[in-house]
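Student: Residue 3 is where the sequence shown starts when you use this note's numbering, and the numbers rise one by one after that.
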Amino acid sequence: MSKNQFKNHGRQYLAIPGPSVIPEAVLQAMHRPAPNIYAGELVEMTATIVPDLLRVARTNGKVAMYIGNGHAAWEAALANVIASGDRVLVPATGHFAYGWAEMAKGLGAKVDILDFGKRNPIDINRIGDALRADKSHEIKAILAVHVDTSTSIRNDISALRSVIDAEGHPALLMADCIASLGCDVFEMDAWGVDIMVTGCQKGLMVPPGMAFVFFNDKAAEARTKMLRVSRYWDWVPRANPEEFFMYWNGTAPTHHLYGLRTALDMLHAEGVEAVWKRHAVLASAIWAACDCWSSEGTLALNVVDEANRSVAVTSLFLGAPNGTALREWVEKNIGLTLGIGLGMAQPDDPDWHGYFRLGHMGHVNGHMIMGLLGGIEAGLSALDIAYGEGALNAAARVIAKGS
Ligand SMILES: *Cc1c(COP(=O)(O)O)cnc(C)c1O
3 MSKNQFKNHG RQYLAIPGPS VIPEAVLQAM HRPAPNIYAG ELVEMTATIV
53 PDLLRVARTN GKVAMYIGNG HAAWEAALAN VIASGDRVLV PATGHFAYGW
103 AEMAKGLGAK VDILDFGKRN PIDINRIGDA LRADKSHEIK AILAVHVDTS
153 TSIRNDISAL RSVIDAEGHP ALLMADCIAS LGCDVFEMDA WGVDIMVTGC
203 QKGLMVPPGM AFVFFNDKAA EARTKMLRVS RYWDWVPRAN PEEFFMYWNG
253 TAPTHHLYGL RTALDMLHAE GVEAVWKRHA VLASAIWAAC DCWSSEGTLA
303 LNVVDEANRS VAVTSLFLGA PNGTALREWV EKNIGLTLGI GLGMAQPDDP
353 DWHGYFRLGH MGHVNGHMIM GLLGGIEAGL SALDIAYGEG ALNAAARVIA
403 KGS
């Protein structure tokens, strides 16, 4: 038996930042014959999903649901409040801000990007300057990514609301929580977020396929001023359906709904705050291990200040070509898949092979994180990549203390 056949004799572990690990209970809930979409269990169950989603987002607002991925959520949100010719401000701390900005451009928006680099969060003062300079209040919305999954920077969304209010600016605050919802602390209403978008395949632990747009009264009011909104993206019937098919503008994602129902049961049984805490402890364990590894050799956490790090994803530098070599080694030999570096270097640049990411969002516990870290250390060791000692002990101590 060749060495790398070991990997087929145990569970594979997909530790990429989305899609995340799917709980067995979610898979089992989805494994069933097709349900009736006109009456009965599916219809009743969907009505219970809406309030439970709102509780995860911490909002008393509304939610519109779509069959789609995160990109669909981006377009859905924009299509309801941004008309061709409207101006939006996009603070960028990584790849995904540019993605949302592109979506806005495609809808005809004028897009101002403020780039804060790949290692630091949004500088709120510069947002204040931009809003102050916009004397005629042309900026209709700020499109802010809460956790940029490429850099693993977490931005302070509530500070954005404070600066918008301090400047007396009417711009809508829109947040991308695709990576962060159900992982990092997020309070839609308390933080004054008008529109929040997410998908089902990261913190919500369901296979990719559903997108959600949450909105408050101010956003609903902005929607009424739109000259036209494409029927498919219109959030009005989806958030206020008179008939079941209106939730989805057509056939519902039947099996995904069973999966989501179970995922929401799991999330609320644990408690949203306990879910945040679990992610924080596990992320601290990862950072503690990285601090030890980086005491020798080249490994480095992308985000220096802990306060600016997501607890759902960690972006790391190892140096080319070792980032790719490590990913390939752990996948081939031990059944562990790490995330590629994204947005840190262009894919055709040799430096691209120096970056990788860890996904630790959703259905993760202590032994999985210890396995992830142990697997990385095995890879570093097998490839003769220099690293500092004590990482696994340090991580174990964090987990012991936190649980
Ligand atoms: C994953 C992700 C997206 C894109 O979602 P898709 O489902 O791949 O379309 C957008 N923004 C953030 C922050 C993400 O993490």
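Even glycine gets a Cβ: it sits at the ideal position worked out from N, Cα and C.
Sorted by chain position, which residues of the same chain lie with C-beta nearer than 7 angstroms to P323's C-beta, five sequence neighbours on each side aside?
Tutor: H355, listed in sequence order.
Student: Hey, how far is the Cα of P93 from the Cα of M207?
Tutor: Those two C-alpha atoms are separated by around 28 angstroms.
Student: Where does the unbroken alpha helix (DSSP H) through S286 begin, and where does it stop?
Tutor: 274-295
Student: Establish whether the CB of K137 and some CB of chain C are separated by less than 8 angstroms.
Tutor: Reference to chain C is not applicable here, since this structure consists of a single protein chain.
Student: For G372, tell me which candidate among A396, Y389, D350, R359 has the shortest Cα-Cα distance.
Tutor: Here residue 372 turns out to be Met, not Gly, going by the sequence shown. Minimum Cα distance to M372 is reached at A396.
Student: So is the beta-carbon of P210 under 7 angstroms away from any non-hydrogen atom of ligand 1?
Tutor: yes
Student: So is P172 buried or exposed if we call it buried at 16+ other beta carbons inside 10 Å?
Tutor: exposed
Student: How is M3 classed by DSSP in three states: helix, strand or coil?
Tutor: In this prediction, M3 has a pLDDT of 43, which is less than 50 and means its spatial position is unreliable; nothing more can be read from the coordinates.
Student: I'd like the list of long-range same chain contacts for V199, defined as Cβ closer than 8 angstroms, with 5 residues on each side in sequence excluded.
Tutor: G72, A75, W76, A78, A79, M176, A177, D178, C179, I180, A213, F214, V215, F216
Student: To the nearest angstrom, how far is the alpha carbon of S154 from that of M248?
Tutor: Distance between the alpha carbons of S154 and M248 is about 36 angstroms.
Student: What does DSSP give as the partner residues of Y234 in its beta bridges?
Tutor: BP columns for Y234 are empty, so no partner.
Student: Consider the C-beta atom of H73 and the heavy atoms of ligand 1; say whether any pair is separated by less than 7 angstroms.
Tutor: Yes, the Cβ of H73 comes within 7 angstroms of a heavy atom of ligand 1.
Student: So what's P35 in DSSP terms, helix, strand or just coil?
Tutor: coil
Student: Name the one or two DSSP bridge partners that G341 has.
Tutor: BP columns for G341 point to R359.
Student: How long is the line joining the alpha carbons of G390 and W193, rounded to whole angstroms?
Tutor: 40 angstroms
Student: Give me the Cα-Cα distance between A393 and A309, rounded to the nearest whole angstrom.
Tutor: 21 angstroms
Student: Quick one: grab the DSSP three-state call for D2.
Tutor: Summary: the structure shown does not reach residue 2, with the chain confined to residues 3 through 405, and so no result is reported for it.
Student: Three or more C-beta pairs under 8 angstroms: does that hold for the stretch 241-259 against the stretch 89-106?
Tutor: no
Student: Using a Cβ-Cβ cutoff of less than 6 angstroms, which residues in the same chain neighbour H257 once the five nearest sequence positions on both sides are dropped?
Tutor: Counting only Cβ-Cβ distances below 6 angstroms, and skipping sequence neighbours, we find M32.
Student: Q30 to P209, Cα distance in whole Å?
Tutor: 12 angstroms
Student: Identify the residues that DSSP records as bridge partners of I84: which are they?
Tutor: Looking at the DSSP assignment, I84 forms no beta bridge with any residue, so it has no partner.
Student: From A221 to A146, what distance separates their C-alpha atoms?
Tutor: One C-alpha to the other measures close to 15 angstroms.
Student: Taking buried to mean at least 16 other C-beta atoms within 10 Å of its own C-beta, is N304 buried or exposed?
Tutor: buried
Student: Around the C-beta of R13, are 16 or more other C-beta atoms found within 10 angstroms, so that it is buried, or is it exposed?
Tutor: exposed
Student: So the candidates are P53, D150, G63, N127; which of them puts its Cα closest to the Cα of G101?
Tutor: D150
Student: What is the rounded straight-line gap between the Cα of G211 and the Cα of A265?
Tutor: The alpha-carbon atoms of G211 and A265 are separated by roughly 14 angstroms.
Student: Is E272 buried or exposed, if buried means 16 or more other CB atoms sit within 10 Å of its CB?
Tutor: exposed
Student: Excluding the 5 residues preceding and the 5 following D307 in the sequence, name in chain order all residues of the same chain whose CB lies nearer than 6 angstroms to its CB.
Tutor: Excluding residues within five positions, none has a Cβ falling inside 6 angstroms.
Student: Is it buried or exposed for I115, if we count other Cβ within 10 angstroms and need 16 for buried?
Tutor: exposed
Student: Measuring CB to CB, does P19 end up less than 8 angstroms from M363?
Tutor: M363 is positioned such that its CB atom lies closer than 8 angstroms to that of P19.
Student: State the DSSP-derived secondary structure class of D191, mapped to helix, strand or coil.
Tutor: coil
Student: Please state the DSSP three-state secondary structure of G20.
Tutor: coil
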